[in-house]
Amino acid sequence: MQELKAKLELVLQGEEVYFTYDDLSEKAGESQPESLNTTWALQAVNCAIERGTYTAIVGPNGSGKSTLARHFNALLLPQFGRVTSFGIDSKSDTDLFELRRLVGMVFQNPDNQIIGTTVEEDMAFGPENLAIPPAEIVERIKAALKLLKMEALAKQAPSNLSGGQKQKLAVGSILVMQPKALILDEATSMLDPDMRRELLAFIRKLRLEQGLTVVNVTHHLDELLTADKVMVLVKGNLQRVYRPIDLFNDDEMLDKLALRLPGNVLLLKCLLGVEGEAKLNLPDFEETTMVQALTEAASKLKLANVPKLEAMAFNLDKKSNTLLANLQAKLVNLQTVASNEATEENVNRPLIEVKHLSYRYPNADNKTGDVLHDISFDVKAGEILAIVGHSGSGKSTLIMHLNALLKNEPGQVLVHGLDAADKANFLKIRRHVALLFQYPEHQLFAETVYKDIAYGPTKLGYSQAKVKELVKLATDMLGFDESVWEKSPFELSGGQMRRVALAGIVAMWPDVFVLDEPAAGLDDKGRNEIFNYIRLLKKLGKTIIVVSHNMEDVAEFADRVLIMKQGKLVTLTTPDEIFTKKEFLQANSLEQPALTAALQQLKLNLNWPIQTYAPTLANALRNIANSIKALNSASNELMPDLEELKADSVESEVEVCK
1 MQELKAKLEL VLQGEEVYFT YDDLSEKAGE SQPESLNTTW ALQAVNCAIE
51 RGTYTAIVGP NGSGKSTLAR HFNALLLPQF GRVTSFGIDS KSDTDLFELR
101 RLVGMVFQNP DNQIIGTTVE EDMAFGPENL AIPPAEIVER IKAALKLLKM
151 EALAKQAPSN LSGGQKQKLA VGSILVMQPK ALILDEATSM LDPDMRRELL
201 AFIRKLRLEQ GLTVVNVTHH LDELLTADKV MVLVKGNLQR VYRPIDLFND
251 DEMLDKLALR LPGNVLLLKC LLGVEGEAKL NLPDFEETTM VQALTEAASK
301 LKLANVPKLE AMAFNLDKKS NTLLANLQAK LVNLQTVASN EATEENVNRP
351 LIEVKHLSYR YPNADNKTGD VLHDISFDVK AGEILAIVGH SGSGKSTLIM
401 HLNALLKNEP GQVLVHGLDA ADKANFLKIR RHVALLFQYP EHQLFAETVY
451 KDIAYGPTKL GYSQAKVKEL VKLATDMLGF DESVWEKSPF ELSGGQMRRV
501 ALAGIVAMWP DVFVLDEPAA GLDDKGRNEI FNYIRLLKKL GKTIIVVSHN
551 MEDVAEFADR VLIMKQGKLV TLTTPDEIFT KKEFLQANSL EQPALTAALQ
601 QLKLNLNWPI QTYAPTLANA LRNIANSIKA LNSASNELMP DLEELKADSV
651 ESEVEVCK
């Protein structure tokens, strides 16, 4: 194996790479990067990627992941150091065309690279510029459309596509050029679970059969499971290169980066930690391997292990509740500030009613124009409602009706009894209902972060002193301090821009928060903060509507789940009702949360009387403990004192379950 690795050809390489977004024109004479007073987006990065391998790049928002990725196809050039791709220096003007033929890249925001007036025209643009014969271009596009399940959208304008469909188009437009290396920059963040799984499986097939080299910038740690190596970036520095299993066993690095392991991997570590060291020792992370390892670890548990399992669950809940309590004071302050100047239109609690809503985009063709079909439902005051469904199912179109951005035709939307179709109600409705768009770039417009966040509360009539207070509280809660206020929001990373956009609607303090993929593009730390904030908003009586493709988030935080498919409402029910139904979820292009799927496998393999729905790791551990107790209900074995264990706050036991 070592000899084989030694023979692998290096195709993407960085040597002592330094890069900054600051203007260095006045410092052109400096020969050493260390002598420059600047903020480096990349600092002394050395990396090497072999042909046909899969490399994942992870790290916090703003750590330089996208910046590094854009060096591999010369979209960015290092100020110091050297980057080569397939032996071509990125600074070589004469070989730039060849370099970009070899290295294709899919951006975090697909709108930044879609240029065609129709889907098939956009896919044809790349191969046409590579002088591929027209007949072959047609066949490549047909294959890509079939893979991406977009045949019906071939003649559709990209502007009429959903965010997930645009992301599929961007991927397809690169794949039809058949590059030798594929760089994915959060390219799956807006895809439904079914399409994300299929796309990654197809890319893996290309890698294994055709030697495609893949670099994937991602916050989805389940996308690391099949990686050959993982590069960890922090503040522009390459901290370390891992095998996936070594990263998953490095608790110190996981804690430093606040990385959230896939639910089944984390559960396995917890079960292994009950009896000994919580270290993974697996040949791979294939599904069959994980199921076997979980079954083996669970089968060894005894009644004497129950107190430890329950203590782990207790500590996990304690940690979560502590985080919640630390944020609550800020939210109470924000509510107080907002209520000081409440307008007469503010009412106690929102209630949204959607009645027989249908919608068709103007100028869309007959085949794909109908987006919503006879949808009816209510939104309860103070609930968290998740809206899920496949890419293009109509989720984003639906929520744009809830604050009168789109006009229902036919049907009716009522907000606090106000008809959203009546122009006279627009301002009142938008005071009650604030919307965070799928792409924050579409929502940001001001020259500074402060002005952008202040725009909403200013328009609502708050005094400048109160506006400043609202901006400060909103940015504090979302992890920004005043040093960011005077920066342009467009200089920030994608995840940071999302926080600024969310801060802009937080500062308005509406009754209803409508959030379209609020955690997309955020690192795990940011994701945790966003959803803790959502929990607190609910606690303060706010109503939250969340569109999401992440079933783990939905299971953990939603009170109810609305499933859409092809513009129709399939069902509206509670998470525990749907997430135990694997076949039903698959039929709707969704997937089970990893913890629930793992418990169902344990129930099947061990014939346990176990409750399989588990929205959190603490729930999963309790379910396992209760199952063991049920199996041993006739035993006379004495149980250790659980309350004593809880009182001791068995911190060492929760460490394996971060």
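Quick note on numbering: full-length UniProt numbering labels position 30 of the sequence shown as 30, and the sequence is numbered without any gaps.
Don't be surprised by glycine CBs; every beta carbon is placed ideally from N, CA and C.
This structure is a prediction, so every number in the text was calculated from the model and none was measured.
query: Beta-carbon spacing of R70, V11 below 8 Å; result: no
query: Continuous beta strand (DSSP E) assignments of at least 3 residues falling wholly in the segment 406 to 441; result: 412 to 415, 433 to 436
query: Residues of its chain near L309, where Cβ-Cβ distance is below 7 Å and the 5 sequence neighbours each way are ignored; result: V274, L621, I624, A625
query: Coarse secondary structure for T596, derived from DSSP in three states; result: helix
query: CB of G521 within 8 Å of CB of G479, strictly; result: no
query: Run of the beta strand (DSSP E) containing N46, from where it starts to where it stops; result: 42 to 50
query: Cross-strand partners of K229 (DSSP beta bridge); result: T55
query: L351, DSSP secondary structure in three states; result: coil
query: Counted within 10 angstroms of its Cβ, other Cβ atoms place D284 as buried (16 or more) or exposed; result: exposed
query: Distance between T226 and K279 (C-alpha atoms, nearest Å); result: 18 Å
query: Classification of N588 by the beta-carbon crowding that lies within 10 angstroms, buried from 16 upward; result: buried
query: Per-residue DSSP class, three states only, for G14; result: strand
query: G172 beta carbon less than 8 Å from that of L148; result: yes
query: E409, buried or exposed, once every other Cβ within 10 Å from all chains shown has been counted against 16; result: exposed
query: Buried versus exposed call for I399 [16 or more other C-beta atoms within 10 Å across all chains shown]; result: buried
query: Inter-residue spacing [alpha-carbon to alpha-carbon] between E341 and Y462; result: Its pLDDT being 44, under 50, E341 is placed unreliably by the model, and nothing is read from it.
query: Opposing strand residues paired with F513 [DSSP bridges]; result: A434, I544
query: Rounded straight-line distance, which links the Cα of I88 to that of N550; result: 39 Å
query: Proximity to A474 [Cα-Cα], best of Y455, N112, E491; result: Y455
query: Neighbour-count burial assignment, V388, 16 or more Cβ in a 10 Å radius; result: buried
query: T458 - containing alpha helix (DSSP H), residue span; result: 449 to 459
query: 6 Å Cβ shell around R240 - same chain, five flanking residues per side excluded; result: V232
query: Whether T213 touches K180 by CB criterion (8 Å); result: yes
query: Segments of 4+ residues assigned as alpha helix (DSSP H) that fall wholly inside the segment 62 to 148; result: 65 to 69, 96 to 102, 119 to 129, 134 to 147
query: N-terminal and C-terminal residue of the alpha helix (DSSP H) that I610 is part of; result: Careful: I610 lies outside any alpha helix (DSSP H) and carries neither H nor E.
query: Whole-Å CB distance - E34 paired with G81, under 8 Å assumed; result: Incorrect: roughly 13 Å between the Cβ atoms, too far for contact.
query: Residues bridged to F19 [DSSP beta-bridge criterion]; result: L42
query: Distance between S90 and G14 (C-alpha atoms, nearest Å); result: 10 Å
query: Neighbour-count burial assignment, S391, 16 or more Cβ in a 10 Å radius; result: buried
query: Contained beta strand (DSSP E) runs [length at least 3] in the segment 221 to 305, N- to C-terminal order; result: 229 to 234, 237 to 242
query: T20 burial status per 10 Å Cβ neighbour count (16 or more: buried); result: buried
query: Start-to-end residues for the alpha helix (DSSP H) that takes in K526; result: One point to set straight first is that residue 526 is Gly, not Lys, in the sequence displayed. Counting along the chain, the alpha helix (DSSP H) containing G526 begins and ends at 524 to 539.
query: Among K565, L316, V415, nearest to D378 - alpha-carbon criterion; result: V415
query: As assigned by DSSP and simplified to three states, the class of E34; result: helix
query: Touch test, the segment 203 to 212 against the segment 174 to 191, Cβ-Cβ under 8 Å, three pairs minimum; result: yes
query: Integer-rounded CB distance, given that P518 should sit under 8 Å from V561; result: In fact, because the Cβ distance is near 16 Å, the residues do not count as touching under 8 Å.
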